[in-house]
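Working notes, structure below.
There are 2 protein chains.
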Amino acid sequence: MKETVRIVVDAMGGDNAPGEIVKGAVAAVKGRSDIHIILTGLADKIEKELSRYQYPDGSIEVVHTSQVIETAEPPVAAIRSKKDSSIVVGLTMVRRGEADAFVSAGSSGAVLVGGQAIVGRIKGIERPALAPLIPTKNGVSLLIDCGANVDARSSHLVQFAKMGSIYMENVLGVKHPRVGIVNIGAEEEKGNALVKETFPLLKECTDLNFIGSVEARDIPAGVCDVVVCEAFVGNVILKLYEGVGSTLIEKVKSGMMTSIRSKIGALLVKPALKKTLKTFDASEYGGAPLLGLKGLVVKTHGSSRAKEVENSIYQCVQFKQQAINEQIMAHIS
Amino acid sequence: MKETVRIVVDAMGGDNAPGEIVKGAVAAVKGRSDIHIILTGLADKIEKELSRYQYPDGSIEVVHTSQVIETAEPPVAAIRSKKDSSIVVGLTMVRRGEADAFVSAGSSGAVLVGGQAIVGRIKGIERPALAPLIPTKNGVSLLIDCGANVDARSSHLVQFAKMGSIYMENVLGVKHPRVGIVNIGAEEEKGNALVKETFPLLKECTDLNFIGSVEARDIPAGVCDVVVCEAFVGNVILKLYEGVGSTLIEKVKSGMMTSIRSKIGALLVKPALKKTLKTFDASEYGGAPLLGLKGLVVKTHGSSRAKEVENSIYQCVQFKQQAINEQIMAHIS
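Here the protein sequences line up with chains A and B, keeping their order. Residues in the first sequence are numbered from 1 upward in steps of one, following this note's numbering. Residues in the second sequence are numbered from 334 upward in steps of one, following this note's numbering.
Right under this line is the structure:
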């Protein structure tokens, strides 16, 4: 049997906390026996939720914390002042080696800032990167970086490419992941100063399957597995994905309601369509890992329900058991 | 009656040239009497197309050019070496004042490079900007800049905001256009170095209705009329719009084909849906003006058909008759 993976789950984070978070944690320990969950947050609220379920003895532990970091709080100040919050206590357990991973659906800013400040970077990693999975035509791609630190240097982007490639190969099982850099044209001489500087560096990396420039138009078609860009561009891509998707789906729905004929048709296509569109919903793909830290920190969508929490926990198990951080260290040094 | 507007149309540019280009030009002169069209390109091919239509005497003129710039050619070299191409001859007519505007569905690069090099910038304009209209939930927004020059300075972005605002107000009739800057958060302190530097400058512009930062997620919802960003980000937004849209529509179509029930439904919703989705197709909104030049240059989509060419021609008329360039000059000095 494989080694048990100890995962701290922030029971207070996200729109559906603590109910859906606790439910997801219970599902995970029932689904696999090599998981130990530590729930951080207000103990009485967590215990109340836990009392509704049956699960293996000793598989879930509660660590009481008295403070909660709200989504709107300025992250740096929140991390500094709320030492007894579910986020700070959880991240501290990872730093101390008392847990292998931390999962939160709470404040992105606080998780990012806290991850760097408390857990700390792997030696040699210049900047950690937030790397969500985005849906494509027939699967998913890893978009790296979508973090809070913008204006990256070329050396950062090269590290992002390596970490992203290791993650896709070992956590998602993609053989020789295709790595592309976001650019405004396919030719090597195109791009802004950062891309032009990074391109030849990526070409030299013998440990990468670098396929060159990728235009934004081709990202949803799934032309590469690891989409490398600096965080400003990554944020624009991630959020525009969501924005175009939801506006277009609204248009499809309202378009179906314009005549009696189409209304009847809508009733017939609805179930099949719903299933298909679900495959294009970014929130379906578990959490975004913050790669490059000494322990694993995973940020799940603020609107996560039990299923996403459960999936994020499984992601952590895979991450630990595949020794991703050891591989990152080997490729960086 | 209003002054006649003289518009050069590149009859050789785009996937459907010369057939659809000529057809669109004919439709325009039949639609309005204040338009004079000059078609540049291989005269025998153009005349052959023209012979298929009836149109007012003297409303269309053909200027023969012996060379054609292909889409794949390096733009700078093409503009320099092909002096007798439909693009170079057309742009030269605008520079000499023999025409008010130039419309092309040909090589974007050549039109951008040629526009700057041949027509030239308005005095005081540091960098011209390519500004396509993008579809939103209930209308369109102007995305400025999507041009070929990346790594802009804050002073460029301020000029983009002003030119875009004048265009939306006078060509599209939007009163007090809402101007937003693309950012990764709503707060003023967020963003990369360029956005942080530009934000206070835009706030100071009393001639702008500046609404602050706009997240990419909210662009498709239509939260602002003028979306300001540097060209790398603009290109990513424009192309991702197209990419997410087409992948999602493919998903919708295949989703409808998964069962007998949904196939029947698909037949019923198809006509209504097609009409709705057309409103979210960027190619429906005419051409993208290259703002900041001494004359008007409009780039239409490479796949443009007669309707888009006709609409681009009307856009030019509005641009000239509303004296957009005179207004830009007044706001820049």
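For every residue, glycine included, the Cβ atom is placed at its ideal position computed from N, Cα and C.
- The beta-bridge partner set that DSSP reports for L296 (chain A) consists of A:A101.
- When rounded, the separation of the alpha-carbon atoms in M12 (chain A) and G24 (chain A) is 13 Å.
- The region 447-501 of chain B contains, as complete beta strand (DSSP E) runs of 3+ residues, the segments 466-468 and 473-477 (chain order).
- Using a Cβ distance threshold of 7 Å, A78 (chain A) and I69 (chain A) count as a contacting pair.
- Distances from the alpha-carbon of G222 (chain A) to those of A:L194, A:A266 and A:V174 put A:V174 closest.
- Of all alpha-carbon atoms in A:V252, A:T71 and A:N235, the one lying nearest the alpha-carbon of G109 (chain A) is that of A:T71.
- Interface annotation, K299 (chain A): not in contact with chain B, CB-CB separation never under 7 Å.
- Only exposed fits T539 (chain B), as fewer than 16 other CB atoms lie within 10 angstroms of its CB.
- Under the Cβ criterion of 7 Å, M256 (chain A) is counted among the residues facing chain B.
- Using a CB distance below 9 Å, the part of the region 257-286 of chain A facing chain B consists of M257, T258, S259, R261, S262, K263, I264, G265, A266, L267, L268, V269, K270, P271, A272, L273, K274, K275, T276, L277, T279 and F280, ordered along the chain.
- Looking only at B:A605, B:G567, B:S488 and B:V342, the smallest Cα-Cα distance to V422 (chain B) is reached by B:V342.
- Only residues of its own chain outside the window of five on either side were considered, and among them G555 have a CB closer than 8 Å to the CB of G472 (chain B), listed in chain order.
- The beta carbon of H489 (chain B) sits closer than 7 Å to those of E459 and R460, all from its chain and outside the five residues before and after it, given in chain order.
- A residue is called buried once 16 or more other Cβ atoms fall within 10 Å of its Cβ, and G31 (chain A), having fewer, is exposed.
- A residue is called buried once 16 or more other Cβ atoms fall within 10 Å of its Cβ, and P200 (chain A), having fewer, is exposed.
- As summarised for the region 336-373 of chain B, the continuous alpha helix (DSSP H) elements at least 4 residues long and confined to that stretch are 352-364, given in chain order.
- In summary, the residues of the region 527-541 of chain B whose CB is separated from some CB of chain A by less than 9 Å are L527 and V528, in the order they occur in the chain.
- Not a single CB atom of chain B sits nearer than 7 Å to the CB of R32 (chain A).
- Looking only at B:K415, B:Y386, B:I393 and B:Q387, the smallest Cα-Cα distance to S399 (chain B) is reached by B:K415.
- In this structure, the alpha-carbon of L142 (chain A) lies about 6 Å from that of A131 (chain A).
- Sequence-ordered contacts of the region 226-245 of chain A with chain B read F232, V233, N235, V236, I237, K239, L240, Y241, E242, G243, V244 and G245 [C-beta pairs closer than 7 Å].
- Note that the region 294-305 of chain A touches the region 112-119 of chain A; at least 3 beta-carbon pairs, one per stretch, sit closer than 8 Å.
- The alpha-carbon of G635 (chain B) is positioned some 25 Å away from that of G245 (chain A).
- Annotation for I211 (chain A): the continuous beta strand (DSSP E) segment containing it runs N209 to E215.
- Secondary structure note for A330 (chain A): its alpha helix (DSSP H) is the uninterrupted segment I324 to I332.
- Every alpha helix (DSSP H) of 4 residues or more that sits fully in the region 198-267 of chain A is shown, in chain order, as 231-256.
- Looking at the DSSP output, R511 (chain B) sits in a beta bridge with B:N542.
- Taking C-beta atoms under 8 Å as the contact rule, G347 (chain B) and G453 (chain B) fail to qualify, at a distance of about 25 Å.
- No Cβ of chain B is located within less than 7 Å of the beta carbon of R95 (chain A).
- Counting only residues of its own chain and dropping the five nearest sequence neighbours on each side, Y55 (chain A) has a CB closer than 7 Å to the CB of V26, V29 and K30.
- Here P271 (chain A) carries a helix assignment [DSSP, helix/strand/coil].
- Using a Cβ-Cβ cut-off of 8 Å, L291 (chain A) is close to nothing in chain B; its nearest Cβ partner there is about 19 Å away.
- Sequence-distant Cβ neighbours of Q660 (chain B) in its own chain, meaning closer than 6 Å and more than five residues away, are I499.
- By the rule that beta-carbons nearer than 7 Å mark a contact, A216 (chain A) touches chain B.
- The residues V5, I7, D100, A101, V103, L296 and V298, in chain order, have a CB closer than 8 Å to that of C316 (chain A) in the same chain once the five nearest residues on each side in sequence are set aside.
- Using a Cβ-Cβ cut-off of 7 Å, N149 (chain A) does not count as an interface residue toward chain B, since no Cβ of chain B sits closer than that to its own.
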